[in-house]
Structure formats: structure tokens, C-alpha cells
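A.B. asks: Next up is a structure, given as C-alpha cells.
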Amino acid sequence: MEIYSTLTRSKEDFVTINDNRVNLFVCGPTVYDDAHIGHGRTYISFDTIKRYLEYKGYAVFYIQNVTDIDDKIINRSKESGIPSDELARKFEKRYREDMAKLNVNGVNLFARATDHMPEIIDQIQRLIDKGFAYETEDGVYFEIDTFDEFGKLSNRNVEELESHREIAETTKKNHQDFALWKKREGVDEPTWPSPWGDGRPGWHIEDTAITEYYFGEQYDVHGGGLDLIFPHHEAEITQMEAVSGKSPMVRYWLHTGFLNVNGEKMSKSLHNFITIRELLESYEPDTFRFFVLSTHYRSPIDFSKDSLHQSERSLERIRKFYEQLDVEVGDETYECDALAPHMKEFFDSMDDDFNTPKAIAAIFGLINDTKNELDDLSGEEKMAIKAFLDDASHILGVSFESEEVNAGSDDLLNLISEVRSELRANKQYDLSDKIRDNLQSLGYEIND
RNA sequence: GGCAAGUUUACCGAGUGGCUAGGUGUGUGGCUGCAGACCAUAAUACGGGGGUUCAAGUCCCUCACUUGCCUCCA
80 MEIYSTLTRS KEDFVTINDN RVNLFVCGPT VYDDAHIGHG RTYISFDTIK
130 RYLEYKGYAV FYIQNVTDID DKIINRSKES GIPSDELARK FEKRYREDMA
180 KLNVNGVNLF ARATDHMPEI IDQIQRLIDK GFAYETEDGV YFEIDTFDEF
230 GKLSNRNVEE LESHREIAET TKKNHQDFAL WKKREGVDEP TWPSPWGDGR
280 PGWHIEDTAI TEYYFGEQYD VHGGGLDLIF PHHEAEITQM EAVSGKSPMV
330 RYWLHTGFLN VNGEKMSKSL HNFITIRELL ESYEPDTFRF FVLSTHYRSP
380 IDFSKDSLHQ SERSLERIRK FYEQLDVEVG DETYECDALA PHMKEFFDSM
430 DDDFNTPKAI AAIFGLINDT KNELDDLSGE EKMAIKAFLD DASHILGVSF
480 ESEEVNAGSD DLLNLISEVR SELRANKQYD LSDKIRDNLQ SLGYEIND
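Read the first sequence against this note's numbering and you will find it ends at 527, with the numbers running on by one and no gaps.
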């Protein structure tokens with residue numbers, strides 16, 4: 080299996096640190112508002128990656144941090160009058176509800192920043208002790224001049240960055256030095272005691288404190304959105320490798336591409352901000368999930384109603400095919416010659432940096448190859464196909480079961496259907512068509 | 001200005017030098033009273049210009065354009 084890592088900008092063989100164990104960390108949300116469909120894209124991608132690793136036999140431990148203390152939360156708290164901890168809990172809860180609806184359920188541990196203050200403070204103290212960080216009157220900062228490799232993930236160097244220096248902030252030695260600890264500024268903000276006085280942690284330190292605590296100094300995979308490469312992930316590498324003296328902190332850096340809306344970046348000022356909740360008012364979660372997986376996780380993806388509709392139709396085709404496999408699958412393994420090449424393509428594609436669009440194409444290849452010969456296949460062959468589709472469905476996290484609208488189960492619908500049949504027999508098509516149209520607008524489909 | 005990712009047929013979207021990606025949409029035919037669904041079938045490609053090669057969407061150079069990051073951001 081090969082995985083593309085941002086650090087080396089190339090695909091590399093996937094080799095874990097400890098046998099079949101994979102320690103996976105993904106940057107979670109800052110919980111100050113509802114999650115949007117861009118978050119959805121990212122977390123669906125990593126959920127699918129985790130599902131696939133588990134399918135391959137790895138024991139994956141997936142941690143996501145929850146940033147529940149941050150400027151944005153404090154500001155929102157002041158605006159709304161809701162205490163910041165209450166606000167953070169509320170949106171964390173809503174975030175997890177949204178994820179559950181999208182069938183994103185692979186996270187083993189949600190680690191809140193505020194639950195890891197001792198680890199955060201301890202890591203900062205060690206950075207100071209080792210001479211990588213210094214205290215000023217308003218906080219504790221990492222001194223990037225002490226760490227030569229700052230910039231290796233994002234391909235930047237300090238000199239270039241300095242050309243963008245704005246008005247110097249007085250307490251920092253260097254403009255690029257980033258905060259590890261921010262000292263209290265006012266009375267109405269949440270603080271924690273520390274050796275440097277009351278205050279709160281900087282944004283980057285929570286992640287390395289959490290991963291060091293649960294995974295140790297080095298681990299396998301770190302993921303997040305493309306926009307986190309700089310400065311966030313760069314700072315993480317800097318902190319962790321400085322404190323541990325070991326490199327690399329992470330073997331594989333995975334970054335998801337952005338989700339744009341109608342070709343534009345999603346932003347509040349453009350009024351094209353779509354939350355997961357809003358989306359799910361109009362679309363099935365599986366449709367969105369299938370839409371996301373129809374593009375490679377690293378590529379940008381353009382969200383539009385038209386694209387979502389295409390995904391809806393594509394998924395329908397798979398479901399119709401699946402419905403025709405009128406067999407029950409047991410625990411045995413089954414053989415089917417017609418399936419083999421498509422199954423191979425599916426798994427080869429997934430092995431190639433989780434190429435879900437290609438894997439999905441393999442499913443369609445299977446459908447096109449076998450849809451007309453299903454009656455000629457043996458029960459065992461059909462079971463093989465069904466077992467494969469069940470696996471694929473589970474890996475992708477998208478159900479291939481049709482939404483059951485069973486006319487036969489409902490007496491009233493049966494009656495209407497019978498009346499319509501009589502009308503058709505009598506060639507009263509205007510009336511029968513009216514019934515059909517009305518039933519369709521109610522969400523019922525008629526197959527004559 | 002620096003860094004990064006892109007530019008594939010109507011649209012979405014894979015493509016690891018030579019063999020049909022796939023989907024959606026559209027056309028045509030079949031089935032239908034009609035429509036849908038379904039079945040069959042067809043068409044439309046690799047941003048421009050150079051180069052390497054027996055052979056390039058795929059490698060190299062160059063130009064153009066798009067997007068993102070460089071400040072919080074999934």
C-alpha cells in the first residue's frame with residue numbers, strides 16, 4: 080500500500096512503527112459554530128481511510144482533538160453571553176451529531192484541549208528548559224531560530240517569511256515566533272494556572288501535548304485540511320521534534336483538499352456557507368458521502384447541486400444492481416470469475432493512496448460486466464459479488480441498500496395502484512397519469 | 001513576490017509511455033398508450049508551443065490561465 084505524504088511530496092510505501100498498529104491523529108474542529116460541508120469533506124475522507132486501514136487488518140487508534148479554548152470561542156462567548164465552556168460543549172455536541180449522521184464514526188477518542196492542561200504545561204516547560212522557548216510579559220513563545228528545520232513541511236524558509244514582517248510585536252524576539260502560552264489579558268476570560276501565571280495555551284501546543292501523551296514522541300499518520308499545513312502543522316513538527324530530539328514526529332502527513340462552492344471558496348462574506356445541518360435538510364447523508372468519495376481526497380472538490388444530483392443518480396445505479404442480488408451471504412468465502420478483475424481493481428485503487436474515485440469506477444465496471452448475465456450466475460457467484468459489495472459499502476461508509484418504498488406493504492397504496500391499473504386497462508390515461516404524477520411528487524415510484 | 005496544487009470530451013472525474021476508466025447528461029434504437037425505469041448503441045478529450053521516444057494525456061522545457069496558502073480557517 081502506498082500513501083502520499085505532504086512532507087516528501089511523494090507516495091511512499093506504508094510501513095507502520097509497531098506491526099499492525101496505526102496511530103492516527105487528525106486535527107478536529109474549533110467548536111464555536113456548526114460544522115460546514117468542508118469539515119464534512121475532510122472528516123468523511125479520514126473516516127474512510129480509517130475504515131480501509133481496518134479492513135486491511137490494522138488496529139487503528141484514531142484521535143481527534145477538540146479545540147475548546149481559543150480566541151474565536153471567547154469572542155463568540157462575549158457576543159452571545161453564553162459562558163465559553165458551555166458554548167464549546169454545545170457545539171462539540173452538535174458536531175458529533177453531524178458526524179454521526181454522515182456515518183463518520185471512526186474516531187476512538189475525542190481529546191479536548193482543556194482536559195489536557197497538565198500535559199500542555201509540561202511540554203511547554205520542557206521546551207523552556209531545553210532552550211527552545213522563552214517567557215515574556217504577555218506569554219511564552221517558541222523561538223524558531225533555535226530550530227533549523229522550521230519550514231520543512233510547507234517548504235518555506237525563515238528569510239522569505241520575514242519579508243512579510245509587519246509592525247513588530249514588542250514582546251517577541253522574532254515575528255515568526257509563535258505562542259505556546261498566552262497570559263491573561265482581561266478578567267472575563269477563562270484561564271488556567273501555570274508556572275507563568277494564569278492564562279491559556281496557544282493553538283499549536285494542544286495537539287502535540289495530546290499526541291505525545293497518547294502516542295508518544297513519534298507516530299504514524301497525521302491528517303488535516305490543506306490549510307493547516309502552515310503554520311499549524313509546521314509548528315507541531317517544530318514543537319515536538321524540538322522537545323523529543325527525534326525525527327520524524329510523524330511518518331505520513333495527509334492533507335485533504337478544499338471544498339469549494341460553485342467554484343468559489345466557501346466563506347461567510349460570500350454568503351455561500353453551507354452547514355452540514357442545512358445540507359442534510361435536502362439531501363441524504365449517503366449522497367453527500369458518495370459525492371465526497373467521487374473525488375480523490377487530496378483534490379479540490381467543487382460543490383454544486385448539479386454535482387450532488389449526479390452522485391445521487393450514480394448511487395442509485397449501484398443500489399439497483401445490489402437489489403438484484405437475491406442471495407444471502409454467509410461467513411464463507413465465495414469465488415466468482417467475473418468478479419475477480421473488478422475486485423482486484425477496487426483494492427488496488429484503494430491501496431494506491433486511497434483512490435476512491437477509481438475504486439468506485441471498479442464497482443461500475445463490475446456492474447456493467449455482470450448486470451445482464453446475473454441469471455446465468457450460480458448462487459455462489461452471486462454471493463461472492465454481494466459479499467464484495469458489502470465490503471465495499473462498509474469501506475466507503477455508504478449503504479448500498481435501497482431506501483425501501485414497498486408499495487405492496489401498504490394497503491392504501493395497493494388499492495390506489497389497483498385502481499390505476501384498471502384505468503390503464505380502460506385506456507383512461509389522463510387519470511392514470513395524474514395518479515402517477517401525484518404519487519411521484521409524494522416520493523413514490525411506479526414501475527410498470 | 002514566495003510556496004503549493006491544478007488545466008482531460010456537454011458536466012463531474014480517474015489515468016503509474018503503448019491496451020474502452022467510470023458516472024451524469026445528450027443522441028439513436030428497443031420496451032412502453034405515454035413518460036420514467038430498464039436494455040442496446042453512439043458521439044464529443046487531453047490549455048498553447050517546443051522537445052525526448054518506434055510510441056506521450058502520461059517524461060523534459062517553456063508560455064498562458066485557474067485555485068489555494070503565505071493572518072484564524074477542514
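Virtual Cβ for every residue (Gly too), placed ideally from N, Cα, C.
Can you look up N102 in the DSSP assignment and give me helix, strand or coil?
C.D. replies: It is a strand residue.
A.B. asks: Under 9 Å between the Cβ atoms of A441 and M462?
C.D. replies: Not closer than 9 Å, so no.
A.B. asks: Quick check: the Cα distance between L492 and S500, rounded to an integer number of angstroms?
C.D. replies: Cα to Cα, L492 sits roughly 12 Å from S500.
A.B. asks: If you drop the 5 nearest sequence neighbours on each side, which residues of the same chain put their C-beta closer than 7 Å to that of A114?
C.D. replies: Excluding positions up to five away in sequence, the list reads P108, Y174, D177, T354 and I355.
A.B. asks: To the nearest angstrom, how far is it from the Cα of K399 to the Cα of R392?
C.D. replies: Their Cα atoms are separated by approximately 11 Å.
A.B. asks: Per the contact definition of three or more C-beta pairs closer than 8 Å, is the region 91-100 in contact with the region 123-142?
C.D. replies: Touching, yes, given that three or more Cβ pairs across the two stretches are closer than 8 Å.
A.B. asks: By the three-class DSSP mapping on this structure, what secondary structure does Q143 have?
C.D. replies: Three-state DSSP puts Q143 in a strand.
A.B. asks: Less than 9 Å between the beta carbons of Y131 and I380, yes or no?
C.D. replies: No; because the gap between Cβ atoms is not below 9 Å, this pair is not in contact.
A.B. asks: Could you check whether A167 and V110 sit closer than 9 Å to each other, using their CB atoms as the reference points?
C.D. replies: Yes, these two residues count as a Cβ contact at 9 Å.
A.B. asks: Less than 8 Å between the CB atoms is what I'm expecting for L453 and Q403, so what's the real figure, rounded?
C.D. replies: About 6 Å separates the two Cβ atoms, so the contact holds.
A.B. asks: Throw me the rounded Cβ distance for the I368 and G302 pair, which I believe falls under 8 Å.
C.D. replies: Strictly speaking, residue 368 in this sequence is Arg, with Ile absent from that position. At roughly 17 Å, the Cβ-Cβ gap does not stay under 8 Å, so R368 and G302 are not in contact.
A.B. asks: Count the other CB atoms within 10 Å of the CB of A71; is the residue buried (16 or more) or exposed (fewer)?
C.D. replies: What the structure shows of the chain is the stretch from 80 to 527, and residue 71 is not part of that stretch, so it cannot be assessed.
A.B. asks: Where do the N-terminal and C-terminal ends of the alpha helix (DSSP H) with L456 fall, by residue?
C.D. replies: Segment: none, L456 is in no alpha helix (DSSP H) and carries neither H nor E.
A.B. asks: Suppose you measure from the CA of L86 to the CA of P327; what does that come to, to the nearest Å?
C.D. replies: For L86 and P327, the distance between alpha carbons rounds to 10 Å.
A.B. asks: Put N339 into one of helix, strand or coil per three-state DSSP.
C.D. replies: Strand.
A.B. asks: Name the DSSP beta bridge partners of Y83, please?
C.D. replies: Answer is K90.
A.B. asks: Could you spell out the range, first to last residue, of the alpha helix (DSSP H) harbouring D208?
C.D. replies: Unbroken alpha helix (DSSP H) run through D208: M196 to D208.
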